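Okay, so the sequence shown: first residue is 12 according to the numbering used here, each after it adds one. Have a look at the structure below, then the notes.
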Amino acid sequence: MVNERTGSIVATFVEVAADSKSRRRGLLGREGLAERHALVLAPCNAIHTCFMRFPIDVLFVARDGRVLKIVERIRAWRVAASLRAFAAIELPAGTLQRGAMMPGDRLVIGSTKETTAPS
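Pasting the structure below:
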């Protein structure tokens with residue numbers, strides 16, 4: 012996943028949660044999210060971090076990959092939303108600070124290579 016404006020790599024491994032069960036589970040029960048990994052929840056315009064064990068960065072994006080809202084280092088027991096968003100992209104805390112992401116930037120997927128999601 013690449014920021015089209017800057018060319019910076021946001022994630023090299025993208026896990027997609029597209030069904031109800033995987034969206035509900037999200038990152039719950041995990042100890043962390045590896046560097047350069049992302050979890051895309053779609054469709055999704057709101058997330059919560061109840062029971063989360065680690066902070067995350069979140070991008071809310073439109074259907075075309077345009078960034079609508081950025082939430083950095085959201086801690087446990089918080090809620091974030093963007094009513095116009097099609098998807099939420101969860102990233103390791105600190106990812107967005109390093110990548111100079113801005114609302115309006117567009118994210119693109121550089122490869123369609125299938126990978127197996129971590130358990």
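C-beta: ideal position from N, C-alpha, C; glycine also. These numbers come from a predicted model, not from an experiment.
{"Query": "What residues in its chain sit with their C-beta under 7 Å from that of V119, if we drop five residues either side in the sequence?", "Result": "V13, E15 and G76"}
{"Query": "Using the Cβ count rule (16 or more neighbours within 10 Å means buried), how would you classify T123?", "Result": "Residue placement at T123 cannot be trusted, given a pLDDT of 41 that sits under 50; what the coordinates show is reported in the next sentence. Exposed, by the Cβ-count rule."}
{"Query": "May I have the straight-line CA-CA distance separating T60 from T23, to the nearest angstrom?", "Result": "23 Å"}
{"Query": "Which one or two residues does DSSP pair with R68 in a beta bridge?", "Result": "The sequence given here places Asp at residue 68; Arg does not occur at that position. Answer is L102."}
{"Query": "If we count Cβ pairs, one from each stretch, closer than 8 Å, do we get three or more for the region 28-41 versus the region 55-73?", "Result": "yes"}
{"Query": "Hey, out of L44, G43, G121 and V78, whose CA is closest to A99's CA?", "Result": "V78"}
{"Query": "What does the alpha-carbon distance come out to for the pair T126 and V21?", "Result": "A caution first: T126 carries a pLDDT of 42, below 50, which makes its placement in the model too unreliable to give a value."}
{"Query": "Output the distance between the C-alpha atoms of N56 and S93, rounded to the nearest integer angstrom.", "Result": "5 Å"}
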